[in-house]
Every structure is written in structure tokens, then in C-alpha cells.
Amino acid sequence: IEIPPLRPPSTRVHIPMTQQHMAPILSELLYIMRPVIHLVCIRKFGITTWTPWLISLLTDVLSLSLMIRPDRSKHSVAQIELMGKEKTSRYMKLIFYLARSPCYQLVIRK
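Quick note: this note's numbering has the sequence shown finishing at residue 195, numbered continuously throughout.
And the structure:
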């Protein structure tokens, strides 16, 4: 068995990251960082203001909008089902924004 020599870095194949490749990565990054972003906003603006609530909601909506539709030619049926369930779960979590302050105090408690 012959092992081919390593190519120097300048001749390696480079696949550029396109918007299609970056969208799901950014979507997951936003979803993971969402609690940290929310806590930083609470610390900066206070818990009773609308700013942390709105920024957190926008982070979730942006994360959802960046999620891609699975391509049937590239993903298995199980992967497509899992992606669909995850997206549905994230949409359902948006409803819980009504239970957060200050929205809860303004809308629900009245």
C-alpha cells in the first residue's frame, strides 16, 4: 500500500463557505447563545424593560428563519423527520414568550 504525499497548504482544495452552508451554522449558534444573550441584556437593561424580551424574541425568530429546509437528496428520511420535529418544537417555544416578564405582567396578569 502506497501512501500519497501530503500536499502543501497552498495546493489543498478549499471549499468556500457559502450563505447556504453558513445559515444552519449561524442558526444553531444563535439558538445555543440565546440564553447568554438574554442574560446579558437583562444585566444591561434590567428585567422590567422590554429590551431583553424583544432581543431574545428576535434572536429566536432569526434562528428559526435561518434554519434550512432539508434537501431530500442529501438527508435521510430519519434526518428529515428529526429536523421537522426540532423546527416544530422551536415554533412552540415562541408561545412561551407570553409567559416572560414584562409581557406576562402586562398581558396575562391583567
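For glycine and all other residues, C-beta sits at the position ideal for the given N, C-alpha and C.
Being a predicted model, the structure only gives us computed values, none of them experimental.
6 Å Cβ shell around residue i - same chain, five flanking residues per side excluded
| i | result |
| --- | --- |
| serine 148 | Ser112, Leu115, Tyr116 |
| isoleucine 140 | Cys126 |
Exposure of residue i, with buried meaning 16 or more beta-carbon neighbours within 10 Å
| i | result |
| --- | --- |
| tryptophan 138 | buried |
Rounded separation between residue i and residue j - CA only
| i | j | result |
| --- | --- | --- |
| cysteine 188 | leucine 142 | 12 Å |
| proline 120 | tyrosine 176 | 17 Å |
| proline 109 | leucine 151 | 6 Å |
| threonine 103 | serine 158 | 19 Å |
| lysine 172 | valine 192 | 27 Å |
Contact set for residue i: own chain, Cβ-Cβ below 7 Å, skip 5 residues either direction
| i | result |
| --- | --- |
| leucine 179 | Asp145 |
| isoleucine 122 | Ile140, Ser141, Thr144 |
Cβ shell of residue i (< 8 Å), same chain only, five flanking positions each side left out
| i | result |
| --- | --- |
| serine 186 | Ile132, Thr133, Trp138 |
Answer yes if the region 124-143 comes into contact with the region 160-170, meaning at least three C-beta pairs across the two stretches below 8 Å, and no otherwise.
-> no
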